[in-house]
Every structure is written in C-alpha cells, then in structure tokens.
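**Student:** The numbering of the sequence shown is my numbering, which starts it at 1 and goes up by one.
Questions regarding the structure given below will be posed in turn.
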Amino acid sequence: MNRIFKNRLLLLLLIGLGACDGFLDEKPNVSLVVPTSLDDLQALLDNTDQAMNEHGQFPLLRSDEFVADESLVDAELEMLRNVYLWEPNPYSQDDLVMDWTRPFNQILITNIVLEKAGRIQPSTSRETERKAQLMGSAYFFRALANFTLAQVFAPAFRPNGNNNSLCFPLRDTADPNTSFGLSTTAEAYDFILTDLEKALELLPQSSELPTRPNLISARALLARIYLSMGIYDKAGEYAELVLAEKSDLKDFNEITVSGINPFVRFNKETIFYSQFAFSGFTFSQLFKVSDEFLSLYNEDDLRLPLYFIRRPGGWKNFIGHYSGSIEYFSGITTAEMYLIAAESAVRNGNLAKARNLFALLAGKRMRNGLVPDLSSLSDEGLLSEILDERKRELFGRGLRWSDLKRLNLEERFEVTFVRKYRETTISIPPNDSRYVSVIPPREIELESF
Numbered sequence: 001m002n003r004i005f006k007n008r009l010l011l012l013l014l015i016g017l018g019a020c021d022g023f024l025d026e027k028p029n030v031s032l033v034v035p036t037s038l039d040d041l042q043a044l045l046d047n048t049d050q051a052m053n054e055h056g057q058f059p060l061l062r063s064d065e066f067v068a069d070e071s072l073v074d075a076e077l078e079m080l081r082n083v084y085l086w087e088p089n090p091y092s093q094d095d096l097v098m099d100w101t102r103p104f105n106q107i108l109i110t111n112i113v114l115e116k117a118g119r120i121q122p123s124t125s126r127e128t129e130r131k132a133q134l135m136g137s138a139y140f141f142r143a144l145a146n147f148t149l150a151q152v153f154a155p156a157f158r159p160n161g162n163n164n165s166l167c168f169p170l171r172d173t174a175d176p177n178t179s180f181g182l183s184t185t186a187e188a189y190d191f192i193l194t195d196l197e198k199a200l201e202l203l204p205q206s207s208e209l210p211t212r213p214n215l216i217s218a219r220a221l222l223a224r225i226y227l228s229m230g231i232y233d234k235a236g237e238y239a240e241l242v243l244a245e246k247s248d249l250k251d252f253n254e255i256t257v258s259g260i261n262p263f264v265r266f267n268k269e270t271i272f273y274s275q276f277a278f279s280g281f282t283f284s285q286l287f288k289v290s291d292e293f294l295s296l297y298n299e300d301d302l303r304l305p306l307y308f309i310r311r312p313g314g315w316k317n318f319i320g321h322y323s324g325s326i327e328y329f330s331g332i333t334t335a336e337m338y339l340i341a342a343e344s345a346v347r348n349g350n351l352a353k354a355r356n357l358f359a360l361l362a363g364k365r366m367r368n369g370l371v372p373d374l375s376s377l378s379d380e381g382l383l384s385e386i387l388d389e390r391k392r393e394l395f396g397r398g399l400r401w402s403d404l405k406r407l408n409l410e411e412r413f414e415v416t417f418v419r420k421y422r423e424t425t426i427s428i429p430p431n432d433s434r435y436v437s438v439i440p441p442r443e444i445e446l447e448s449f
C-alpha cells in the first residue's frame, strides 16, 4: 500500500505543478517538482479542471432526474452500467472508481499544502496573508472532498439518530506510512464541519476567481452541508449570511432562447465553481431528462426552454449548464442559497420570509416576472412547493441525490425509485442500503480495511 501511495504522491506533485493552467490566465512556475514556496502550493490548489474543482459522476447516474436509453446502458462500461442500474456490488476487483479516487487525491493535495505551508515562515505581511489564504483554501477543499465522499459512501446524516455506521477513512496527513481506519458517519461530518470552521478564520472576503474559495463560498458550503444533514436552523443562518454579501440573480427574461447553452462560465450567480468530470454516459444525447421532472415546469417557466432542448426522437436533454459548455456544473450559486434560506425559514415557522425568498427567485425565472401566489398555502404546502422549486432550479447539479437521501428520512417525502431496463423493473425503497455505495474492492485491498 505504501509504495502505491508514494507513487501517487509523486504523480500528484508533478501534475499539480505541470498542469495548472485550468481557468487561470497565467501558468505557475513549473520548474520545481517539490513544492517549497507559497507559489508552488497555490499552483497545486489551482489545478482546477484536472484535480481540485472536478467531481465524479455517481450523483448524476443514480438520481431520478435522468433516464438512459437502453442502447446507451448496453454500450457503457460494465461498472457505470452497474452503478446506473443500482447494482449493490457494482465494481469488479480492478475497477478504478473516480468517485473514490478523485476526492482522495484532492485530500492528499490539501494535506501536502497544509503541511508545507505550516513550515513556511513569512517574511512580510503580504506573505502572512497569502499563507493564511492558502491554508484556508486547503481546509475548504478538504472539507468539500470529504463531503463529496459522504454523499456517495456514507448514509444520510440523522440529526436526531444513530450516525455510527462506518463509511470511509479521514486522512489528515500526507505521510504515506500512516494507516487510517474507517470513520463513522458522525466522525466524518464533524471532521468536515471543523475544517470549514478553520477555513472561515483564514479565508479572505473575496477571491480572484470563483474556482478559489473565499469567506462567502465557505459559508455557502456550510449552508449546503447543514441542509444535507437536516440541521435547518444552521443551514438557513449560513445561507442568509451569504445573501447579505452576495444576492445577485440573473433575470431569465433577459436571456435569448437559442437552443444552445445560454449561460456563461462564472456568471454573476456563481459563488463557487466546480464541475463533474466528463463521461460518455452523462454527456450522451441518449441520457434523457425524466418526464416526471419536465412536468414540474409550466409554460411560463423560462427554465424550460433555457435548460432543455428537444431532440428529433421526442425526448429532451439538459443543456443549461452553468459551466457555459457541456460540462455539468456542480458548484454553488446564489439561487441555491435563496432556496436553502426559504426551506429553512418554512421549517422554522417563518412562512412570510419563506414566501418572500421564493418570490425573489421565482420572479427572475418566470415569464414577465409572474410569481405564483403562495399566500393560501399551509406550511406543508409551502414546503412542498419550495422542494419542487429545488428540483426545477437545481436540475443536473448533483444535488438531487443528496436531497433524496435526506428527504427519505421524512415519511411525508419518501420516494420509491423505480428504474426499468429491458424486461427488469428495479425498485429502490426509501433508505435502501443501495443509497450507500460499497467501497471499491481495489481500495479495500490496497488499504487493508
């Protein structure tokens, strides 16, 4: 195991300093292999589209937003086919599973940055600020990577229940000679939240690009995480802190419908930018939008023509990526914060605030700003409408998977998921064990879990 880990460490150092152009205008100095300066460490974290700001695809493959044509399922790699079909043991012995390896590579990079930066003695106030920003960014990225792992390899967090199920190791050092056992779900979330609290103390208010974390994006990530945990008062608190600093919304009435992706990368709603890795499965025209989700949009909802395109075969594909291209966006937006704040408000009994937040968002999405009248809805009805708005607004962001897991803990929102393939109907009841992916056999062998 240690030999493999050391080889991976060396490869990461080479990649981190040699392939960091990403979304930045200037390439970092690639003359060094071992990171020894603040510039070197920044280069590791700026490896955006090849390491730090890219995620695996399981949340897209397993959710109910999409339905793959049988011919696409047949043509795909066996592992991806098994994941899509909810097979309980989808991996073969030698499968390299990106949804496991990618976040652990990110964690390795962040641990390198934290350890190397900790040894640097700044000689100026500017260097002191840069060191703090680097370490804050590393804590942010490590928290995000562990949260990403938790969405796939850990059960839903139960705010008033047992969270002692084992999930994945929590690595807090780059030392290849250190062994790690599996953590509990409670330990994993505690580690994630602690990292983000440290990040809040170190990050600047703003950053050069939304691929780099800052104070606002750290609060936004906390809002997302607390929502996934069902801790709604904290989720709402952090979402409102974000909106107090950044509340921009794009008016969809100002966008021309053209049949191609109308959104630009780093648009004004983007708080933090990340994307899902390319996959022939999820990027295929045969990866169709579910009719159930399409039915949620009425004729005055401008997301319908801006998010989706009809194909000659009659089905629709999702094109409204906030990446500005074909990549699925997985980052954080102001619209998500409005929805978190609204859901938290109604769950905490403040229906007036929830209606106002809903109206502010919906007014930018509906034709001519026509906002549905929610004044007659009970708290239960208003909550259901806000959850439907999450489905409409955050389509294809990977968040539906997280929502399925947390909402299945509430009997009123339980979903029995049905997927059909050839002559087989696959039924997945709420809280089924298949909502938690098994650890890939290759990783079990390497780590001796």
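Beta carbons: idealized from backbone N, C-alpha and C, even for Gly.
Figure out for me which residue from Ala335, Leu351, Arg412, Val418 has the closest Cα to the Cα of Leu394.
**Tutor:** Ala335
**Student:** Can you give, in chain order, each stretch of the alpha helix (DSSP H) that sits fully within the region 30 to 114 and has at least 4 residues?
**Tutor:** 38 to 45, 58 to 61, 70 to 75, 78 to 84
**Student:** Rounding to the nearest angstrom, what Cα-Cα distance links Ser437 and Thr124 in this structure?
**Tutor:** Roughly 48 Å separates the two Cα atoms.
**Student:** What does a CB cutoff of less than 7 Å around Gln106 pick up in its chain, not counting 5 residues either side in sequence?
**Tutor:** Ala51, Met52, Phe141, Ala145
**Student:** If I measure Cβ to Cβ from Ser279 and keep anything under 6 Å in the same chain, skipping five residues before and after, which residues do I get?
**Tutor:** Gln57
**Student:** Among Lys364, Pro88, Glu70, whose alpha-carbon lies nearest the alpha-carbon of Ser427?
**Tutor:** Pro88
**Student:** Which of helix, strand or coil does DSSP assign to Phe281?
**Tutor:** coil
**Student:** Could you compute how far the alpha carbon of Phe287 sits from the alpha carbon of Met98?
**Tutor:** 20 Å
**Student:** If we ignore side chains and look at the alpha-carbon of each, how far apart do Asn431 and Ser325 end up?
**Tutor:** 35 Å
**Student:** According to the Cβ coordinates, are Arg303 and Phe252 closer than 9 Å?
**Tutor:** The beta carbons of Arg303 and Phe252 sit closer together than 9 Å.
**Student:** Give the straight-line distance between the Cα atoms of Ile109 and Leu45, rounded to the nearest whole angstrom.
**Tutor:** 7 Å
**Student:** On the DSSP bridge list, what partners appear for Lys420?
**Tutor:** Thr425
**Student:** Grouping DSSP H, G and I as helix and E and B as strand, with all else coil, what is Phe449?
**Tutor:** Phe449 sits in coil when the DSSP states are folded into three classes, being neither helix nor strand.
**Student:** With distances taken from CA atoms, which of Phe283, Pro213, Thr333, Leu222 is nearest Lys268?
**Tutor:** Thr333
**Student:** Look at Arg355 and Asp301 and say whether their C-beta atoms are less than 9 Å apart.
**Tutor:** Not a contact, by the Cβ cut-off of 9 Å.
**Student:** Going by other Cβ atoms of all chains shown within 10 Å of its Cβ, with 16 needed for buried, is Tyr435 buried or exposed?
**Tutor:** buried
**Student:** Quick check on DSSP: helix, strand or coil for Phe413?
**Tutor:** helix
**Student:** Expressed to the nearest angstrom, what Euclidean distance is found between the alpha-carbon atoms of Gly181 and Arg212?
**Tutor:** Distance between the alpha carbons of Gly181 and Arg212: 31 Å.
**Student:** Within 10 Å of its beta-carbon, does Lys420 have 16 or more other beta-carbons around it, so buried, or fewer, so exposed?
**Tutor:** exposed
**Student:** Taking only three categories from DSSP, how would you classify Leu360?
**Tutor:** helix
**Student:** Using the Cα positions of Ala235 and Phe157, report the straight-line distance between them to the nearest angstrom.
**Tutor:** Going by the C-alpha atoms only, they are around 14 Å apart.
**Student:** Please confirm whether Pro35 and Glu129 have their CB atoms less than 9 Å apart.
**Tutor:** no
**Student:** So, with DSSP's three-state summary, where would you put Asp301?
**Tutor:** strand
**Student:** Which stretch, first to last residue, makes up the beta strand (DSSP E) that contains Arg310?
**Tutor:** Unbroken beta strand (DSSP E) run through Arg310: 308 to 310.
**Student:** Quick check on DSSP: helix, strand or coil for Lys116?
**Tutor:** helix
**Student:** According to DSSP, Leu166 sits in a beta bridge with which residue or residues?
**Tutor:** Thr184
**Student:** Using the Cβ count rule (16 or more neighbours within 10 Å means buried), how would you classify Ala345?
**Tutor:** buried
**Student:** Closer than 6 Å by C-beta to Arg102: which residues in its own chain qualify, once you throw out the five before and the five after it? Chain order, please.
**Tutor:** Gly56
**Student:** Given that a residue counts as buried once 16 or more other Cβ atoms are within 10 Å of its Cβ, and exposed if not, what is Pro59?
**Tutor:** buried
**Student:** Please classify Thr333: does DSSP put it in a helix, a strand, or coil?
**Tutor:** strand
**Student:** So Phe141 is in the alpha helix (DSSP H); what residue range does that whole segment cover?
**Tutor:** First-last of the alpha helix (DSSP H) with Phe141: 125 to 153.
**Student:** From Ser258, Gly259, Asp248, pick the residue whose C-alpha is nearest to that of Phe266; which is it?
**Tutor:** Nearest of Ser258, Gly259, Asp248 to Phe266, Cα basis: Asp248.
**Student:** Do the CB positions of Pro122 and Gly230 come within less than 9 Å of each other?
**Tutor:** no
**Student:** Run the CB neighbour count on Arg43, radius 10 Å, all protein chains shown included, and call it buried at 16 or more, exposed below.
**Tutor:** Per the sequence presented here, residue 43 reads as Ala, with Arg not at that position. Per the 10 Å Cβ criterion, buried.
**Student:** Am I right that Ile340 and Phe358 are in contact with their C-beta atoms under 8 Å? What's the rounded C-beta distance?
**Tutor:** At roughly 12 Å, the Cβ-Cβ gap does not stay under 8 Å, so Ile340 and Phe358 are not in contact.
**Student:** Cα-Cα, which of Ser378, Ala220, Ser137 is closest to Glu208?
**Tutor:** Ser137
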